[in-house]
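Residue numbers (the UniProt record's numbering): 1 to 925.
1. Which first and last residues belong to the beta strand (DSSP E) in which residue 843 is found?
2. Compute the Euclidean distance between the alpha carbons of residue 287 and residue 102, then round it to the nearest angstrom.
3. Let me know the secondary structure DSSP gives residue 158 once reduced to three states.
4. Given that a residue counts as buried once 16 or more other Cβ atoms are within 10 Å of its Cβ, and exposed if not, what is residue 567?
5. Determine the burial state of residue 441: buried for a count of at least 16 other Cβ atoms within 10 Å of its Cβ, exposed for fewer.
6. Which of the three DSSP states, helix, strand or coil, is assigned to residue 693?
7. Just checking my contact of residue 758 with residue 713 at CB under 8 Å: how many whole Å lie between their CB atoms?
8. Report the option in 662, 133, 308, 817 whose CA atom is closest to the CA atom of residue 78.
9. Distance check for residue 230 and residue 156, CA to CA, integer angstroms please.
10. With a threshold of 8 Å on Cβ separation, who are the neighbours of residue 217 within its own chain once the five nearest residues in sequence on each side are excluded?
11. Using a Cβ-Cβ cut-off of 7 Å (strictly less than) and excluding sequence neighbours within five positions of residue 212, which residues of its own chain qualify?
12. What would DSSP say about residue 260, mapped onto helix, strand or coil?
13. If you drop the 5 nearest sequence neighbours on each side, which residues of the same chain put their C-beta closer than 6 Å to that of residue 788?
14. Do you know whose CA, among 276, 779, 624, lies nearest residue 333's CA?
15. Secondary structure at residue 183, three-state DSSP: helix, strand or coil?
16. Measure the C-alpha to C-alpha separation of residue 210 and residue 120 and round it to an integer number of angstroms.
17. Could you give the first and the last residue of the continuous beta strand (DSSP E) run that contains residue 168?
18. With the cut-off set at 8 Å, would you say residue 107 and residue 159 are in Cβ contact?
19. For a quick check, are the C-beta atoms of residue 595 and residue 782 less than 8 Å apart?
20. Rounded C-beta distance between residue 360 and residue 312? I'm assuming under 8 Å.
21. Quick one: residues in its chain with C-beta nearer than 8 Å to the C-beta of residue 383, no 5 flanking neighbours on either side, listed in chain order?
22. What's the C-alpha gap between residue 184 and residue 267?
23. Exposed or buried, which one is residue 650 when buried takes at least 16 other CB atoms within 10 Å?
24. Have a look at residue 857 and residue 802 and give me their C-alpha separation to the nearest angstrom.
25. Rounded to a whole number of angstroms, what is the C-alpha to C-alpha distance between residue 733 and residue 587?
26. So what does DSSP say about residue 581, is it helix, strand or coil?
27. Does the Cβ of residue 640 have 16 or more other Cβ atoms within 10 Å, making it buried, or fewer, making it exposed?
28. Excluding the 5 residues preceding and the 5 following residue 852 in the sequence, name in chain order all residues of the same chain whose CB lies nearer than 8 Å to its CB.
29. Check residue 64 in the structure and name its three-state DSSP category.
30. By the three-class DSSP mapping on this structure, what secondary structure does residue 426 have?
31. Can you give, in chain order, each stretch of the alpha helix (DSSP H) that sits fully within the stretch 459 to 512 and has at least 4 residues?
32. Can you give the beta carbon distance from residue 835 to residue 842, rounded, assuming they're within the 8 Å contact cut?
33. Under the rule that 16 or more other beta-carbon atoms within 10 Å means buried, what is residue 28, buried or exposed?
34. Just mark residue 682 as buried or exposed, buried being the case when its beta carbon has 16 or more other beta carbons within 10 Å.
35. Please confirm whether residue 604 and residue 571 have their CB atoms less than 8 Å apart.
36. If you follow the alpha helix (DSSP H) that residue 835 is part of, which residue opens it and which one closes it?
Right, dumping it as structure tokens:
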């Protein structure tokens with residue numbers, strides 16, 4: 001577009017009509033009352049539409065990722081199929097009869113050492129059949145030492161006969177006794193002997209005959225095969241540990257270690273010391289009877305469910321984490337700017353992953369329900385389904401932390417493996433109810449508790465269904481509470497995933513941000529269409545800047561840098577930014593510092609600036625991707641921060657990265673974005689074909705995105721920004737990486753589509769900025785330093801041209817620089833030498849001396865070969881803030897246009913007939 005194009009002002013009626021269409025129900029009080037209800041209804045419909053579109057997208061990707069999909073389904077089925085078949089085929093059950101154990105006696109004497117009850121080994125076997133053993137002791141109370149010696153003499157006498165001789169030995173204190181016992185422990189564990197000489201030690205803490213008080217400890221060495229489990233409850237799924245012939249439990253080894261015998265001997269000897277007439281009687285023991293216990297292949301198989309299903313869901317968990325993390329990088333931020341609900345994004349992934357889990361579940365669980373006894377199949381089905389849902393949500397929760405696929409996969413491997421290990425290592429017994437609730441916050445732990453409850457009912461032949469699953473909850477952790485904890489896990493992981501996603505995508509979320517919300521921003525004033533003059537701070541930081549130089553390093557607003565256009569000021573601005581400030585909380589840096597601008601409907605507004613000027617931050621703020629620290633942004637009259645649901649319906653965006661799915665076609669991408677914007681479905685085909693035809697991409701309509709070239713992908717992204725009748729279009733370097741022909745296709749499309757839209761565009765191609773830009777905003781260090789038409793900015797800040805000469809690397813650079821300077825000064829009055837970068841030399845040529853350029857180029861050509869000049873070129877020099885002027889190819893070369901008859905119509909703004917001779921030297925640097 002040429003710089004002398006004017007904007008036709010809109011009359012009041014047109015403004016009213018446009019305003020009424022964009023913001024309905026604002027004309028009357030009654031309509032304002034109805035507006036929230038209408039919005040809520042539309043919001044719900046939008047979310048349902050988004051959800052269906054996302055499910056459609058995931059289904060298409062699922063069908064096209066055949067290898068991974070088959071891997072997710074076949075591996076679990078191959079694992080579970082044979083197991084389920086064997087279990088169902090051999091689903092026999094047997095009940096062990098109740099067991100009543102025979103009693104046995106404890107005498108606290110040598111008789112205990114040699115007696116054998118059933119399969120329980122005698123004490124003498126633990127002592128390795130030794131005929132001489134020792135028993136150490138000590139007293140912590142020196143006053144009771146004599147009494148202790150008397151008690152231990154009586155103990156010693158109880159273990160004497162021809163088969164065994166026990167000796168007792170006193171030590172001065174407990175430390176010496178421990179040293180003796182440790183030194184006496186056998187070093188060769190291959191003998192399986194638990195003792196060497198000492199059978200143990202006794203520590204007497206309190207001995208008082210008058211008050212009949214006795215307190216002592218028995219210390220025993222631990223044999224290599226002994227398991228004590230003093231703090232654990234036996235949870236064997238296969239019935240009683242000891243058979244009918246084992247009257248004495250093997251674990252813990254209270255009998256075989258002589259613990260019970262020594263205890264009875266010491267307490268009997270103490271009783272004789274208190275009362276010499278005490279009657280020595282043996283103690284009779286009897287194990288608790290075992291009730292009838294049912295065992296079956298089904299109950300045994302179900303007891304292993306926590307490990308089996310943890311592995312089965314593992315592949316599914318990895319896949320959902322991988323997919324979400326991949327989309328978190330580029331696609332999700334883009335779709336969010338288009339109006340996508342974060343909740344719907346995660347919900348669609350979870351539903352699709354759960355459907356894959358359900359297929360495996362159907363083939364593995366349904367056959368089992370046909371052979372289950374006592375436990376309602378519904379209880380088992382609900383338990384496994386809740387676990388599957390919780391597992392995939394766990395994967396989504398872990399993925400919410402990451403925007404990198406590799407990191408997400410590593411994290412899910414560690415997290416899922418850790419969750420399984422914790423559930424196995426720290427599982428409490430069902431009677432530890434409080435611990436079970438804490439343990440149940442792990443989805444694998446809650447599932448393990450549920451399986452234990454189901455298995456217990458099956459083995460005890462008790463009926464379990466959905467109506468009595470909370471029975472006995474005061475005595476043990478029931479199935480009902482286990483299911484409740486699984487539901488709690490689903491909710492807390494879902495909420496945590498959304499919270500983590502919000503924190504991850506909110507670049508300004510930090511404690512510093514929260515604490516600084518109460519700070520008041522300095523008042524800004526003197527706002528003039530895109531440029532805000534700061535009150536006091538600007539004046540303090542203002543540096544002396546000439547009116548003809550635009551300095552990108554200057555941290556101040558330039559005087560007279562804003563073009564005044566009354567027609568534009570009265571036109572509708574669909575993008576309105578007021579006093580925008582963005583402070584990064586981690587560094588405190590002001591990326592955007594008091595920016596105000598208005599982008600008008602029907603125009604292409606160009607945002608220019610050096611790297612780090614704040615362009616991308618401004619773009620992200622307008623799109624609603626990041627939240628500004630201060631200031632307001634309005635899109636079509638709606639506040640971006642307060643009414644994001646409405647503003648996102650108007651926005652179409654083309655980011656710097658390509659937010660594309662490799663396995664979706666061009667048409668499918670456009671269909672997805674068109675639907676997310678809520679556009680009319682019936683208009684999609686016509687709009688798609690028109691856009692693809694305009695950018696010459698119609699022949700790739702059914703091509704997968706992964707097969708497109710880089711330029712074609714950028715074209716597709718531009719079409720995605722425009723489709724759906726987007727009123728506000730944000731194009732961030734849309735033609736980057738395109739060849740010149742493709743750039744022209746996109747530029748023509750933008751020019752045609754701007755009529756009823758507001759387009760804001762960034763670019764590094766100055767010819768593109770001049771061709772498309774109806775209005776140009778120039779940023780520097782977060783501030784808007786100038787705005788106006790291309791023609792205005794060139795006239796205001798243009799200083800001339802920059803001639804760039806590249807020398808041959810074999811030449812004398814210093815000598816050539818001096819010669820080049822003298823030649824330029826001779827032919828072009830006022831020429832100056834600029835900077836030198838390696839073999840590249842820059843010469844500044846004044847604008848007023850343009851007629852002398854051709855003579856200079858002739859001279860340079862004449863000396864090129866003998867003075868090692870490799871090539872030369874020039875570009876417009878329009879200030880240090882940015883090249884707002886034309887490039888050589890666009891501004892000064894003749895422009896040609898081919899007519900239908902093949903004739904060339906040439907138009908040019910210069911009269912030099914030899915211009916084409918020097919065209920090869922004109923190159924943008």
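We put the CB at the ideal spot given by N, CA and C, even for glycine.
Bear in mind that the values here come from a model prediction, so they are computed numbers and not experimental data.
The structure says:
1. 840 to 846
2. 8 Å
3. helix
4. exposed
5. exposed
6. The answer is helix: DSSP assigns residue 693 an H, G or I state.
7. About 25 Å; that fails the 8 Å criterion.
8. 308
9. 28 Å
10. 202, 203, 205
11. 274
12. helix
13. These residues qualify, in order along the chain: 563.
14. 624
15. helix
16. 40 Å
17. 165 to 170
18. no
19. For residue 595 and residue 782, yes; Cβs fall inside 8 Å.
20. 6 Å
21. 447, 450, 451, 454, 479, 482, 483, 486
22. 26 Å
23. Label assigned to residue 650: buried.
24. 13 Å
25. Each residue's alpha carbon lies about 27 Å from the other.
26. In the structure shown, residue 581 falls within a strand segment according to DSSP collapsed to helix, strand and coil.
27. Looking at its Cβ environment, which holds 16 or more other Cβ atoms inside 10 Å, residue 640 is buried.
28. 827, 828, 829
29. helix
30. coil
31. 479 to 505
32. 5 Å
33. Model confidence at residue 28 stands at a pLDDT of 44, short of 50, so the residue's coordinates are unreliable; what they give is reported in the following sentence. Residue 28 should be labelled exposed.
34. exposed
35. no
36. That residue, residue 835, is in no alpha helix (DSSP H); its beta strand (DSSP E) goes 832 to 837.
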